[in-house]
Every structure is written in structure tokens, then in C-alpha cells.
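Protein chains in written order, with the working numbering: chain A, 36 to 187; chain B, 36 to 187.
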DNA sequence: CTCGTTGCAAAGGATTTGCACAAGT
DNA sequence: ACTTGTGCAAATCCTTTGCAACGAG
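Okay, here's the thing in C-alpha cells:
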């Protein structure tokens with residue numbers, strides 16, 4: 036891995052707004068980046084692990100506040116995969132999510148999957164689809180086969 | 036179109052499972068059908084209105100339980116449009132939802148919008164998309180123009 | 001120093017669950 | 001009668017908010 040993508044856009048964007056670069060903000064962004072599809076809760080848990088025994092992990096409220104901030108800064112995105120838990124992912128390269136209703140398995144798919152649909156919506160309704168936020172529900176192959184073989 | 040779709044599939048499907056046809060179940064189904072994109076809360080509110088003064092409306096927990104049941108029976112579907120509020124609609128004819136992040140406006144779109152995407156997912160991943168549950172987020176024309184004309 | 005940030009604790013809203021009583025078949 | 005369904009209240013879960021102390025610039 037040679038040339039890296041994002042040296043420190045976080046610091047820049049924060050300064051541009053007169054906001055401050057804190058350890059917690061770096062930690063939250065790092066956690067979102069490493070965990071692929073993380074809920075705020077999962078992010079908190081991860082930070083707790085990293086902090087280890089004596090270390091102090093950011094409070095849940097701080098995680099929420101910073102996720103919202105990072106999203107405003109355009110560094111992370113969130114999607115609602117289903118009930119109860121939005122998942123966050125780094126905004127680096129857009130991709131959309133496919134979720135299996137049965138097993139909860141999440142797959143990432145290239146955003147061009149919806150290109151034609153997006154164009155049609157723009158043409159018909161003037162509606163711009165936000166690909167990063169899209170989640171498609173359905174049934175994955177494994178669950179489909181499982182359901183087929185089960186009876187009663 | 037002469038032949039009708041649903042005379043009383045509710046009663047049939049319930050009996051087929053040895054379940055009971057209650058006033059509350061009819062009420063909830065009726066509310067979901069008449070309100071287009073209703074949250075459980077909105078459904079409860081509607082039932083309360085219909086009940087009027089002395090009338091007793093179903094309890095919130097009953098609404099939740101019956102929405103889940105009706106969904107299992109295949110009579111209603113729900114979608115997560117964003118945070119905190121799944122919306123239910125009658126399962127009669129499938130359609131997908133498009134939601135504006137700015138104004139919250141919900142539009143219904145013909146399901147064939149995603150036909151090509153669905154085919155591709157099936158071919159690539161063996162994943163079956165559930166069109167009734169799909170919600171696309173984005174920005175509607177009105178909000179897009181409004182955002183464009185505003186500055187600072 | 002000054003003002004944005006964090007941690008803590010309490011408030012809030014949305015769902016779910018246990019149980020005794022009421023109701024459908 | 002027998003068994004499922006409902007209402008009520010308590011329990012959860014997820015997220016937000018108020019406030020005093022803390023720390024970045």
C-alpha cells in the first residue's frame with residue numbers, strides 16, 4: 036500500500052469550522068473506519084476494548100455526538116439497515132448495503148448497481164438518490180435454500 | 036378490473052392458522068390500509084380517533100402485536116424510512132418508497148424501477164430483493180432547488 | 001485564557017414482555 | 001370450556017440533553 040488516501044482530513048475540516056481535534060474524535064473515526072458496519076453501540080464497545088483495563092473510553096453520548104459531527108463533516112455515513120440500529124461506515128468510497136432479513140448478513144455492493152434506477156428517478160421526479168444511504172432488504176442464497184428445505 | 040382482490044383474506048388466513056378474528060385486528064388492518072404510510076404510533080392515533088369519546092381503542096402493544104401478525108400473514112408490509120419510525124402499508128400491490136432527507140416527503144414508485152438491479156443481485160449473489168421493503172433516500176427536486184438558492 | 005468538548009446522570013421516546021382477565025370458536 | 005388475544009404496567013433499548021469540569025488552540 037503506497038500512496039494513502041486520507042492523511043488527516045479530519046483535522047483540516049475541524050479547523051475550517053473552528054472546531055477542535057480531540058482524542059475522542061480520532062478514536063471514533065478510527066473505529067468507524069475499521070469496523071465495517073458498526074452501530075453506535077458497537078463502536079462504543081470497540082473503543083472500550085481498545086482502552087483496555089485502566090484506559091477510559093469515550094462516553095456513549097460522546098460517540099453519538101461525534102458520529103453526527105463526522106457525518107456533517109462528510110467523513111462518515113450512516114444507513115438504517117432495519118430496526119433499532121443505524122450502521123456507520125467511512126465515507127471514503129460509496130457503496131450500498133444489502134441485508135438478509137433472515138440471518139442479518141450484510142453485504143456491500145458497488146453503487147453502480149443503482150445507476151439506472153437513479154437516472155430514472157432523476158429524470159422522472161427530479162429526485163437525487165443518495166447511494167451511500169441505500170439499503171436493500173431481501174433474502175440471501177443460504178437462507179433461501181434453508182427455507183426451501185425446511186417444512187412445517 | 037372486475038374481479039376484486041381481497042374480500043376477507045384476513046378471516047381466512049387467521050382460521051388457517053387457528054387464530055382468531057378480533058375487532059382489533061380488523062381495525063388495525065383497516066387503519067393500515069387507509070393511512071398510506073403509517074407508523075405504529077400514527078395507527079394507534081387513528082384508532083383512537085375512530086373510537087371517539089367513550090370508545091376504547093386498542094392498546095399500543097396490541098397494535099404492535101397485530102402489525103407483526105398481519106405482516107406474517109402477508110397482509111401488510113413495513114419499511115424503515117429512516118430513524119425511529121417504520122411505516123406500514125397494505126401489501127396489496129408492491130411498490131417502493133423514495134424519501135426526501137430534507138422534507139421527509141414520501142413518494143411511491145413502481146417496483147420495476149429496481150428490476151435490473153434485482154436481477155443483477157440474483158445473478159451475482161443469489162440474493163433476492165424484497166421490493167416491498169425497499170426505501171431509497173435522497174433529495175427531492177424542491178429541496179434540491181431550495182438548497183441551491185440558499186447560501187451561507 | 002476562552003470557548004468548544006467531554007463525562008455523568010437523568011430524561012425521553014419507541015417497543016416489548018409478563019400476567020390476569022376478557023373474548024372468539 | 002378451551003385457548004388465544006387484550007390491556008395494563010413494568011422493563012428494555014436507543015438516543016438525547018443539562019451541566020460542571022476539562023482541555024485544545
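The beta carbon of each residue, even a glycine, is placed where N, CA and C say it ideally should be. Keep in mind that this is a model prediction, so the values were computed, not measured.
message = Taking CB distances under 8 Å as the criterion, tell me whether residue 171/A reaches chain B.
response = Yes - at least one Cβ of chain B is within 8 Å of the one on residue 171/A.
request  = At 7 Å on the CB atoms, spell out the chain B contacts of residue 121/A, in chain order.
outcome  = 118
inquiry  = Does the CB of residue 165/A have a neighbour CB from chain B at under 8 Å?
reply    = Interface with chain B (8 Å Cβ-Cβ cutoff): residue 165/A is included.
query = So, does the CB of residue 138/A fall closer than 8 Å to a CB anywhere in chain B?
reply = no
inquiry  = Rounded to the nearest angstrom, what separates residue 157/A and residue 182/B at their Cα positions?
reply    = C-alpha separation (whole angstroms): 16 Å.
inquiry  = Taking 6 Å as the limit between beta carbons, can you name the residues of its chain near residue 167/A, skipping five residues before and five after?
reply    = 112, 129
query = Shorter than 8 Å from the beta carbon of residue 54/B to some beta carbon of chain A?
reply = no
request  = Give the interface partners of residue 115/A over in chain B, defined as CB-CB distance under 7 Å, in chain order.
outcome  = 115, 117, 118
query = From which residue to which residue does the alpha helix (DSSP H) around residue 152/A run?
reply = 150-160
message = I'd like the span of the beta strand (DSSP E) that includes residue 183/B, first residue to last.
response = It is not in any beta strand (DSSP E) - residue 183/B instead sits in the alpha helix (DSSP H) that spans 176-184.
query = Helix, strand or coil for residue 67/A per DSSP?
reply = helix
The stretch 135-143 of chain B contacting the stretch 164-178 of chain B, beta-carbon criterion three pairs below 8 Å = yes
key: Span of the alpha helix (DSSP H), counted from its first residue to its last, around residue 97/A   = Element bounds for residue 97/A: 95-107.
task = Determine the chain B residues that contact residue 133/A at a beta-carbon separation under 9 Å, and present them in chain order.
result = 156, 160, 162, 164
Residue 25/A burial status per 10 Å Cβ neighbour count (16 or more: buried) = What is shown of chain A runs 36 to 187, which leaves residue 25/A out entirely.
message = Cutting at 7 Å between CB atoms, please list the residues of its own chain near residue 101/B, excluding the five before and the five after it.
response = 59, 60, 63
ask   = Along the chain, where does the alpha helix (DSSP H) that runs through residue 44/A open and close?
value = 44-51
request  = List the endpoints of the continuous beta strand (DSSP E) containing residue 125/A.
outcome  = 121-125
ask   = So, is residue 78/B buried or exposed, given that buried needs 16 or more other C-beta atoms within 10 angstroms?
value = buried
query = Quick one: which chain A residues come within Cβ less than 7 Å of residue 168/B?
reply = 172
Other residues of its chain near residue 149/A: CB distance less than 7 Å, five sequence neighbours each side excluded = 131, 164, 166, 169
query = What do you get for residue 57/B, buried or exposed, if any count of 16 or more other CB atoms within 10 angstroms of its CB means buried?
reply = exposed
query = Does the distance from the CB of residue 50/A to the CB of residue 108/A come in under 8 Å?
reply = no
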